[in-house]
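Top to bottom, those sequences are chains H and D.
If you count the first sequence from 1, position 104 lands on 104 in the numbering used here, and the numbers rise without skipping.
If you count the second sequence from 1, position 240 lands on 240 in the numbering used here, and the numbers rise without skipping.
Every residue, glycine too, gets a C-beta built ideally from N, C-alpha and C.
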Amino acid sequence: MEQKRDTRFPKEHLRLLVEGKLDWEEVKKAIRLAPKDNDRFWKYLEVLQERVPWKDKILLRISDHLYIVAKEGGGRVVKCDCGHEFGDYRVNWKLGCRIRTRKTLEEMAEVVAVEEAAPEPHLVEIREYYCPGCFSQLGTEIVPEGYPPIFEMLPDLDTFYRDWLGTPLPDESPDWFQDKTLERPAEWAKEG
Amino acid sequence: MGICYQGKTLKEVVAEREKLFEDSGYAYGLEKLELVEGDPAKFMRFQMRLVAACINAREMAKLISANPMSLVQGELLFLLATPEGDVVSASYGLAGHIQAFPFMIRSIANLGFEDDPGIRPGDVFFNNDALYGAPHNADCYNFIPIFYKDELIGWTVGLNHITDVGGLQPGGLGVISPSVFTDGFTVPPTKIGTNFKTEKWWELHWKRRTRTEAFNILDDKMRTAGCAALHDAVLGIVEEFGVEYFRKGIKEIIERERRLLVQRIKTQAVPGIYHYLHLNMVKYKGVVGKLFAGSNRDWLLHEPGELQILPDGRIHCDVEGLSSEAEFHCNAYEPAIRMLTSLGCWPMFAYTQTLNTALYYMTSWNLPPGCMFNPQNPYAATVMSLAEVGKYIFLFHNPLSMAYFARGYLEECFPQDAAGVGYGLAGVMGDGFRWAGGDMTLITCWASGATPYKDGEAAMVCSPNPAPDLGETELGEFLQPTNLNIGKVLVPNYCGHGKFRGGLGVGMMQMITDPGQSLVVAVFGSTNGMGRAGMGMCGGYPGPNDVVVFAHDTNMRELLEEGKPYPRSFVEMRQWLEDGTLKAGSVEAFKGATPNIVCKDGDLFGSTSGCRGGWGDVLERDYKLIENDVKYGWVTADVARTTYGAVIDKDGKVDVAASDALRQQMRNTRKEKSLDAKDWWRQEREVALKKAWHEDVYNMFADALKWGKFRTQFMGMWQLPEDYAL
Chain H
1 MEQKRDTRFP
11 KEHLRLLVEG
21 KLDWEEVKKA
31 IRLAPKDNDR
41 FWKYLEVLQE
51 RVPWKDKILL
61 RISDHLYIVA
71 KEGGGRVVKC
81 DCGHEFGDYR
91 VNWKLGCRIR
101 TRKTLEEMAE
111 VVAVEEAAPE
121 PHLVEIREYY
131 CPGCFSQLGT
141 EIVPEGYPPI
151 FEMLPDLDTF
161 YRDWLGTPLP
171 DESPDWFQDK
181 TLERPAEWAK
191 EG
Chain D
1 MGICYQGKTL
11 KEVVAEREKL
21 FEDSGYAYGL
31 EKLELVEGDP
41 AKFMRFQMRL
51 VAACINAREM
61 AKLISANPMS
71 LVQGELLFLL
81 ATPEGDVVSA
91 SYGLAGHIQA
101 FPFMIRSIAN
111 LGFEDDPGIR
121 PGDVFFNNDA
131 LYGAPHNADC
141 YNFIPIFYKD
151 ELIGWTVGLN
161 HITDVGGLQP
171 GGLGVISPSV
181 FTDGFTVPPT
191 KIGTNFKTEK
201 WWELHWKRRT
211 RTEAFNILDD
221 KMRTAGCAAL
231 HDAVLGIVEE
241 FGVEYFRKGI
251 KEIIERERRL
261 LVQRIKTQAV
271 PGIYHYLHLN
281 MVKYKGVVGK
291 LFAGSNRDWL
301 LHEPGELQIL
311 PDGRIHCDVE
321 GLSSEAEFHC
331 NAYEPAIRML
341 TSLGCWPMFA
351 YTQTLNTALY
361 YMTSWNLPPG
371 CMFNPQNPYA
381 ATVMSLAEVG
391 KYIFLFHNPL
401 SMAYFARGYL
411 EECFPQDAAG
421 VGYGLAGVMG
431 DGFRWAGGDM
441 TLITCWASGA
451 TPYKDGEAAM
461 VCSPNPAPDL
471 GETELGEFLQ
481 PTNLNIGKVL
491 VPNYCGHGKF
501 RGGLGVGMMQ
511 MITDPGQSLV
521 VAVFGSTNGM
531 GRAGMGMCGG
541 YPGPNDVVVF
551 AHDTNMRELL
561 EEGKPYPRSF
571 VEMRQWLEDG
581 TLKAGSVEAF
591 KGATPNIVCK
601 DGDLFGSTSG
611 CRGGWGDVLE
621 RDYKLIENDV
631 KYGWVTADVA
641 RTTYGAVIDK
651 DGKVDVAASD
661 ALRQQMRNTR
671 KEKSLDAKDW
681 WRQEREVALK
691 KAWHEDVYNM
701 FADALKWGKF
711 RTQFMGMWQL
721 PEDYAL
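Rendered as structure tokens:
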């Protein structure tokens, strides 16, 4: 993936930005950059790949800790930077998490400190989605009990790589851009 | 013979505008941009002249107004549109309104205005009716046609948010209104003047149908004067560049910028499907009683959003599953949702050289008939639709932030949830003078959400109004002397927490002084116990609710006479009440909107709003950032410990060893208190099977299940039997 690099926003700056350490003046320069550095995505993948302890090829970052990776034997799965794998990226990764719900005001107060501003516990709960490997908090929701977990993002990876980046993925298929989340609870129901 | 180019009628050119785009994919069918490409410098000069004319009109006209929202808070806009209604340039101010104006022209074209009452040089038209294109009735539009010789070549438009609309509640943003008949003064498209002057009868309407006649009459004059000034300036530009250049140039502006927006999405985002959610509680039960039987209930509003970034770079928004239309103030029409959500588009991708309606050509919406954003009841109330459509700016801010995050453009991430507090008020002074007013101070100073690389900022942004100003407190108090501002502070801990936290919200405290014979205050807000959003960003928590607290029959007068200080926020008020310094006969607390609250001398009115959500896991927050928060009083030491796992020592420093140990303990707690997904699924499924919800939640699900998309998700997620029904 080595190409001529746009040095207006160097990879080192991107690494610092990812770590939350880039000087604000440099961030402002990045915001003002017009046109944007069009090799950003490739630099990003390099920075991300260097930060994780595993070798699976990152296709896309979808949350602070989560990536869609290509498995060597085939398949695209969601993987945490700790190494835990959540399975097919077309299934909402939240269904592979450890899940805590805060249902009482007392439980909510640990994370919403201003008591007058807390959610109404008789109507909603606070959900916290953790990685089963490292117990990082990957997602939160404030919803009524029984609300289906929100599938935050299903990328159209083939269109992205082929049409927007001009570098098609080797395992292209129309099946990749399909929401398969409901297959997981269907399996659970069968298992009983 | 029509009034438009080549003798076409207005109705014909409006229909042609749609067809040309449908057939070609280009605005006005412009595959080639001859003027832009032929002489870019000249084109730039042309475009900037149009913008300057709009800004001049605004700056001149606003001095006619007396309404503080126009004068000092930027709640106004002047713009230039094509004959078909597309906006090609605008002043700064309430920018979103450019998205609504095309609907207004479509309305008058289809209503046959060209024949009756006629569209002639110098005519002045008005509309604030949501059914015909105005977002809600507080947003009043005056517009004047521009004729060159006998041809309609454009429109000049002036709009502002007026102080009081004469509705059931004082102000312009009432949160109790069962139908259009309680919304207040709502006027469908009407010719209100000729020869650039409004008719005398028009003033009588403002006098008799609204509470703030002086403000509203002067605002109306402001809008007309700005339109007239802009009209003359545009004709000067036509003379300079030639009418052919003008006719063609204003359309090329739209198409050129449409291409820019599409390109920006393809450069910075990732195609796919993104979801986000808001919920809101609307409380009417017991408020309107038997008089409005259909409104004597509460609603938990379901506000889901699906953003599809399409392979060609366009954006499609789907709200299927949104709560149904009802006899409440939250209904809206397409112009309102396009108008207010565009305010999420400007900062995220639609920042261009001028404000224009290019967005119309690259975004589409699915607003299913019968949902509250496409009501089938022509008398649906819409007075405060903006609280709900406004929240849909999230659909651009938050999913697009994830799309930019995925692509590596972290600096472009700008999460934001639209919800804020303001109020209307009305009363009778001691001498019998009847008056009313309103304040949007806390609307104009929201915090920003945390990003993947830094904390959100406090009091720095106003999503409904890209050119906001907190206004001048002194002017507010001069015009609304009953509400004395005694405090404005950033409220500690009042944000969504995360690895990076959201910006703190601002708290405001007012003391009611000498209200005379009577005073009511009606507060609007849109969180109402549900939190600021239904989900957080990458593990951060959403921002907490708005807070509104009234303390009645207090001893504030005595405290002031004794030279004692006063509470600056509701948090301090609570502490003072607890320690007995402040005494109150009664306290009313809300997590958002209120009905009319009767206030007396010495009452305290505290509110806070505008905080935002965090980004990332709280246990990964840098100790140095936490130390800084504690040092400045933005986060208290106890919250640093309970929420962030940071132990603050007596010098205000983080005890690293103790904090590392505490964080490990908190991770262990996560393990202990969480369930495997399958076990959790079984639990939640039981709730769905038993239908064991609070009445309001039950009703929300029952309504949402009427919509196929949500029903598929819900039934599939919980593997419910086919005959499952609520």
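To which residues does DSSP link residue i through a beta bridge?
{"i": "Phe590 of chain D", "result": "D:Val548"}
{"i": "Val13 of chain D", "result": "In DSSP, Val13 of chain D forms no bridge with anything."}
{"i": "Gln510 of chain D", "result": "D:Asn485, D:Phe605"}
{"i": "Ile55 of chain D", "result": "None; Ile55 of chain D has no bridge partner."}
{"i": "Leu111 of chain D", "result": "In the DSSP output, where bridge partners are listed per residue, Leu111 of chain D has none listed."}
{"i": "Ile126 of chain H", "result": "H:Arg102, H:Ile142"}
Name, please, each residue of chain H whose Cβ falls closer than 8 Å to the Cβ of residue i.
{"i": "Gln268 of chain D", "result": "Lys36"}
{"i": "Gln713 of chain D", "result": "Pro148, Leu182"}
{"i": "Ala406 of chain D", "result": "Leu60, Arg61, Ile62, Met153, Pro155"}
{"i": "Phe570 of chain D", "result": "Glu116"}
{"i": "Asp696 of chain D", "result": "Leu123"}
Once the 5 residues before and after residue i are set aside, which same chain residues still bring their CB inside 6 Å of it?
{"i": "Asp617 of chain D", "result": "Lys499, Gly539"}
{"i": "Arg667 of chain D", "result": "none"}
{"i": "Glu327 of chain D", "result": "Pro178, Gly294, Ser295"}
{"i": "Ala61 of chain D", "result": "Met222, Ala225, Gly226"}
{"i": "Val262 of chain D", "result": "Gly313, Met362"}
{"i": "Arg338 of chain D", "result": "Gln99"}
{"i": "Ser136 of chain H", "result": "His65"}
Residues in the same chain with beta-carbon distance under 7 Å from residue i, minus the five sequence neighbours each way, listed in chain order, please.
{"i": "Gly610 of chain D", "result": "Gly420, Leu442, Cys445, Trp446, Ala447, Gly505, Val506"}
{"i": "Asp115 of chain D", "result": "none"}
{"i": "Met1 of chain H", "result": "Summary for Met1 of chain H: the model assigns pLDDT 47, below 50, so the residue's position carries little reliability; its value from the coordinates is reported in the next sentence. Trp42."}
{"i": "Gly370 of chain D", "result": "Ser324, Glu325, Gln376"}
{"i": "Val180 of chain H", "result": "The question names Val, but residue 180 of chain H is Lys in the sequence shown. Here the set comprises Asp88, Arg90, Val91."}
{"i": "Lys454 of chain D", "result": "Phe500"}
{"i": "Asp679 of chain D", "result": "none"}
Evaluate residue i with the Cβ neighbour count: other Cβ atoms within 10 Å of its Cβ, from every protein chain shown; 16 or more gives buried, anything less gives exposed.
{"i": "Thr608 of chain D", "result": "buried"}
{"i": "Phe215 of chain D", "result": "buried"}
{"i": "Gly708 of chain D", "result": "exposed"}
{"i": "Asp703 of chain D", "result": "buried"}
{"i": "Ile273 of chain D", "result": "buried"}
{"i": "His122 of chain H", "result": "exposed"}
{"i": "Pro271 of chain D", "result": "buried"}
{"i": "Ala575 of chain D", "result": "It is worth fixing the name first, because residue 575 of chain D is Gln in this sequence and not Ala. Counting Cβ neighbours within 10 Å, Gln575 of chain D comes out exposed, since fewer than 16 surround it."}
{"i": "Trp195 of chain H", "result": "Limits of chain H in this structure are 1 at one end and 192 at the other, which puts residue 195 of chain H out of reach."}
{"i": "Leu291 of chain D", "result": "exposed"}
{"i": "Glu37 of chain D", "result": "exposed"}
Name, please, each residue of chain H whose Cβ falls closer than 9 Å to the Cβ of residue i.
{"i": "Ala450 of chain D", "result": "Neighbours of Ala450 of chain D on chain H: none; closest Cβ ~10 Å, over 9 Å."}
{"i": "Ile273 of chain D", "result": "Phe151, Met153, Leu154, Pro155, Asp156, Phe177, Asp179"}
Which bits of chain H does residue i rub up against, with CB to CB less than 7 Å?
{"i": "Ser674 of chain D", "result": "Arg98, Ile99, Arg100, Tyr130"}
{"i": "Gln719 of chain D", "result": "Pro185, Ala186, Ala189"}
{"i": "Cys330 of chain D", "result": "Within chain H, no residue comes near Cys330 of chain D; the closest Cβ sits about 17 Å away, beyond 7 Å."}
So residue i contacts chain D; which residues on that side make the cut at Cβ distance below 9 Å?
{"i": "Leu105 of chain H", "result": "Within 9 Å Cβ-Cβ: nothing; Leu105 of chain H doesn't reach chain D, min ~12 Å."}
What does residue i touch in chain D if you count any residue whose Cβ is under 8 Å from its own?
{"i": "Lys195 of chain H", "result": "Since the displayed chain H opens at 1 and closes at 192, residue 195 of chain H lies outside it and no answer follows."}
{"i": "Arg206 of chain H", "result": "Given that chain H is displayed from residue 1 to residue 192, the structure contains no residue 206 of chain H and the question cannot be resolved."}
Return the chain-ordered list of same chain residues with a C-beta closer than 8 Å to the C-beta of residue i, the five sequence neighbours on each side being excluded.
{"i": "Gly29 of chain D", "result": "Leu20, Phe21, Asp23"}
Beta carbon of residue i: closer than 8 Å to some heavy atom of the ligand NAP?
{"i": "Leu154 of chain H", "result": "No copy of the ligand NAP occurs in the structure displayed, which carries no ligand at all."}
Taking a cut of 9 Å between CB atoms, which residues from the stretch 642-658 of chain D lie near chain H? Thr642, Thr643
Compile a chain-ordered list of the residues in the stretch 366-379 of chain D whose CB is closer than 7 Å to at least one CB of chain H. none
The stretch 80-95 of chain H: which residues have C-beta closer than 8 Å to a C-beta of chain D, in chain order? Lys94, Leu95
Using a Cβ cut-off of 8 Å, which residues of the stretch 581-603 of chain D contact any Cβ in chain H, in chain order? Ala589, Lys591
Using a Cβ-Cβ cut-off of less than 8 Å, list which residues of the stretch 277-302 of chain D approach chain H; keep chain order. Leu277, Leu279, Met281, Leu300
Between the stretch 161-182 of chain H and chain D, which residues of the former have CB atoms less than 7 Å from a CB of the latter, in chain order? Asp163, Trp164, Leu182
What residues in the stretch 223-247 of chain D bring their beta carbon closer than 9 Å to a beta carbon of chain H? none
Can you list, in chain order, the residues of the stretch 495-508 of chain D whose Cβ is nearer than 8 Å to any Cβ on chain H? His497, Lys499, Phe500
Name the residues in the stretch 615-628 of chain D whose C-beta lies less than 8 Å from a C-beta of chain H; which are they? Trp615, Gly616, Asp617, Val618, Leu619, Glu620, Asp622
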